[in-house]
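Asker: Counted the way our numbering counts, the sequence shown spans residues 13 to 279.
Think of the CB as a built atom: it goes at the ideal place given N, C-alpha and C, for glycine as much as any other residue.
The model shown is predicted, which means the values in this text are computed figures rather than measured ones.
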Amino acid sequence: MSKLLVKPQAPDAEGRIHEVTPETAGWEHVGFAVHKLAAGQSLSRETGDREHCLVLLSGKVAASAAGQDFGVIGGRSSPFEPDPWSLYVPAGSNWSLTAQGPCELAICSAPGAAGARPARIIGPADVGSLTRGEGSNTRHVRNILPETEAADGLLVVEVITPSGCWSSYPPHKHDQDNLPAESLLEETYYHRLDPPQGFGFQRVYTDDRSLDETMAFSDGDVVLVPKGYHPVGAPHGYELYYLNVMAGPKRVWKFHNDPAHEWMLKA
Numbered sequence: 013m014s015k016l017l018v019k020p021q022a023p024d025a026e027g028r029i030h031e032v033t034p035e036t037a038g039w040e041h042v043g044f045a046v047h048k049l050a051a052g053q054s055l056s057r058e059t060g061d062r063e064h065c066l067v068l069l070s071g072k073v074a075a076s077a078a079g080q081d082f083g084v085i086g087g088r089s090s091p092f093e094p095d096p097w098s099l100y101v102p103a104g105s106n107w108s109l110t111a112q113g114p115c116e117l118a119i120c121s122a123p124g125a126a127g128a129r130p131a132r133i134i135g136p137a138d139v140g141s142l143t144r145g146e147g148s149n150t151r152h153v154r155n156i157l158p159e160t161e162a163a164d165g166l167l168v169v170e171v172i173t174p175s176g177c178w179s180s181y182p183p184h185k186h187d188q189d190n191l192p193a194e195s196l197l198e199e200t201y202y203h204r205l206d207p208p209q210g211f212g213f214q215r216v217y218t219d220d221r222s223l224d225e226t227m228a229f230s231d232g233d234v235v236l237v238p239k240g241y242h243p244v245g246a247p248h249g250y251e252l253y254y255l256n257v258m259a260g261p262k263r264v265w266k267f268h269n270d271p272a273h274e275w276m277l278k279a
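1. Report yes if the CB atom of V234 is closer than 7 angstroms to the CB atom of H30, and no otherwise.
2. Just to confirm, are W265 and L196 a CB contact at a threshold of 7 angstroms?
3. Look up L277 in the DSSP assignment and say whether it is helix, strand or coil.
4. Can you check which of these residues, I156, E161, G113 and S148, is closest to G52 by C-alpha distance?
5. Do H152 and T160 have their C-beta atoms within less than 7 angstroms of each other?
6. Between which two residues does the alpha helix (DSSP H) harbouring A37 extend?
7. Please state if the CB of W39 and the CB of E198 are separated by a distance shorter than 7 angstroms.
8. What are the complete beta strand (DSSP E) segments, minimum 3 residues, inside the region 86-143?
9. Are the CB atoms of H47 and L117 within a distance shorter than 7 angstroms?
10. Run through the DSSP bridge pairs and tell me what S14 is partnered with.
11. Do you know offhand how far D24's Cα is from R88's?
12. Can you give me the C-alpha to C-alpha distance between P91 and S175, rounded to a whole angstrom?
13. With the cut-off set at 7 angstroms, would you say R263 and P243 are in Cβ contact?
14. Are the CB atoms of I134 and I119 within a distance shorter than 7 angstroms?
15. Give the DSSP bridge partners of V234, in chain order.
16. Considering only their Cβ atoms, is the gap separating G165 from A122 smaller than 7 angstroms?
17. Compute the beta-carbon to beta-carbon distance between R132 and Y100, rounded to the nearest angstrom, for a pair I have assumed lies under 8 angstroms.
18. Quick one: give me the first and last residue of the beta strand (DSSP E) that Y217 is part of.
19. Does G43 come out as helix, strand or coil in the three-state DSSP assignment?
20. For a quick check, are the C-beta atoms of T173 and L252 less than 7 angstroms apart?
21. Look at A37 and L236 and say whether their C-beta atoms are less than 7 angstroms apart.
22. Give me, in chain order, the residues of the same chain whose beta-carbon lies closer than 7 angstroms to that of G245; leave out the 5 immediate sequence neighbours on both sides.
Printed below as a string of structure tokens:
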């Protein structure tokens, strides 16, 4: 199996089914974890030298961070539903959550500066939504933590790709620290499928094909994108959700399209 395809594990005592660290991924910036919490189960962390963005994929939690009580947040029953709730917590701080019923939580992290900004709720009203592409290249984007919103390194976005459509397409990459033409960003994709017995495809490849892997992912899998182009396909009959986490030396999303396929943007 590809080292870029990470399968979920059985939940541990903290409900953790995924944990991608810079060490396990072989890169420098992005961290990503998923926890499935039972009703009443609590989870807490010190952020240390990393900032965190906690995305409620489903369910509700009572949340506190950096000495503030944020009350109960969340509410959707599935990541395929709109209106995500998230909690931003800066480096050098801490957070604690208690599940108000079953919930699924994603922990997105990247290097940060202690005390750079306060903890804050990112509610549905703070999330910009848009549709990109057309026809079989349609996808619906929810910008949870875009570069226009305050953070040290994290970029976090949800995408819904309708049945039979492609996403992250035409293929693009962001693996060169070469602004203003291109930025260097590591990236994770957390994939969910509806109905869950489905599958999807993701290819990760470089211009010289020194990396060229095509993976069939299942519901709950993570795909790592350390470099290269990374298009995604959702087969007919299955809607695809993915949560993207990106971070790099500069907090700018500037991508480069594969020249072989850029023609379709001009058609």
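Answerer: With the structure as the only source:
1. Here residue 234 is taken as the residue at index 222 of the sequence shown, counted from 1. Here residue 30 is taken as the residue at index 18 of the sequence shown, counted from 1. It is a contact, given that the beta carbons lie within the stated cut-off.
2. On the sequence shown, residue 265 is found 253 positions in, with the first residue counted as 1. On the sequence shown, residue 196 is found 184 positions in, with the first residue counted as 1. Taking 7 angstroms as the Cβ cut-off, W265 and L196 do not qualify as a contacting pair.
3. By one-based count along the sequence shown, residue 277 stands at place 265. DSSP places L277 in helix when its eight states are reduced to three.
4. For the purposes of this step, residue 52 is taken as the residue at position 40 of the sequence shown. In terms of CA proximity to G52, G113 leads the group I156, E161, G113 and S148.
5. For the purposes of this step, residue 152 is taken as the residue at position 140 of the sequence shown. For the purposes of this step, residue 160 is taken as the residue at position 148 of the sequence shown. No.
6. In the sequence shown, counting from the first residue as 1, residue 37 sits at position 25. Element bounds for A37: P34 to A37.
7. Taking the sequence shown and counting its residues from 1, one reaches residue 198 at position 186. Taking the sequence shown and counting its residues from 1, one reaches residue 39 at position 27. A contact, by the Cβ cut-off of 7 angstroms.
8. Assignment of beta strand (DSSP E) within the region 86-143, counting only whole runs of 3 or more residues, yields 97-101, 106-111, 115-123 and 132-134 in chain order.
9. As a working note, residue 117 is residue 105 in the sequence shown. As a working note, residue 47 is residue 35 in the sequence shown. Closer than 7 angstroms, so yes.
10. Stepping through the sequence shown from its first residue, residue 14 is reached at position 2. DSSP, once it has assigned bridges, lists no residue as partnering S14.
11. Locating residue 24 in the sequence shown gives position 12, where the first residue counts as 1. Locating residue 88 in the sequence shown gives position 76, where the first residue counts as 1. D24 and R88: Cα-Cα distance of roughly 24 angstroms.
12. Indexing the sequence shown from 1 puts residue 91 at position 79. Indexing the sequence shown from 1 puts residue 175 at position 163. Cα to Cα, the separation comes out at about 16 angstroms.
13. By 1-based counting over the sequence shown, the position of residue 263 is 251. By 1-based counting over the sequence shown, the position of residue 243 is 231. Against a cut-off of 7 angstroms, the Cβ pair of P243 and R263 comes out as no contact.
14. As a first step, residue 119 must be located in the sequence shown, where it is residue number 107. As a first step, residue 134 must be located in the sequence shown, where it is residue number 122. Using a Cβ distance threshold of 7 angstroms, I119 and I134 do not count as a contacting pair.
15. Here residue 234 is taken as the residue at index 222 of the sequence shown, counted from 1. Note: V234 sits in a beta bridge opposite V18 and Y202.
16. Counting from 1 along the sequence shown, the entry for residue 122 is found at position 110. Counting from 1 along the sequence shown, the entry for residue 165 is found at position 153. Cβ atoms of A122 and G165: closer than 7 angstroms.
17. On the sequence shown, residue 132 is found 120 positions in, with the first residue counted as 1. On the sequence shown, residue 100 is found 88 positions in, with the first residue counted as 1. Contact holds; Cβ gap of about 5 angstroms.
18. The residue you call residue 217 lines up with position 205 of the sequence shown. Where Y217 is concerned, the enclosing beta strand (DSSP E) stretches over F211 to Y217.
19. Residue 43 sits at position 31 when you count from the first residue of the sequence shown. Three-state result, G43: strand.
20. Along the sequence shown, one-based indexing puts residue 173 at 161. Along the sequence shown, one-based indexing puts residue 252 at 240. Going by C-beta atoms, T173 is nearer than 7 angstroms to L252.
21. For the purposes of this step, residue 37 is identified with residue 25 of the sequence shown, where counting begins at 1. For the purposes of this step, residue 236 is identified with residue 224 of the sequence shown, where counting begins at 1. Cβ atoms of A37 and L236: closer than 7 angstroms.
22. As a first step, residue 245 must be located in the sequence shown, where it is residue number 233. Answer for G245: W178, G212 and F213, listed in chain order.
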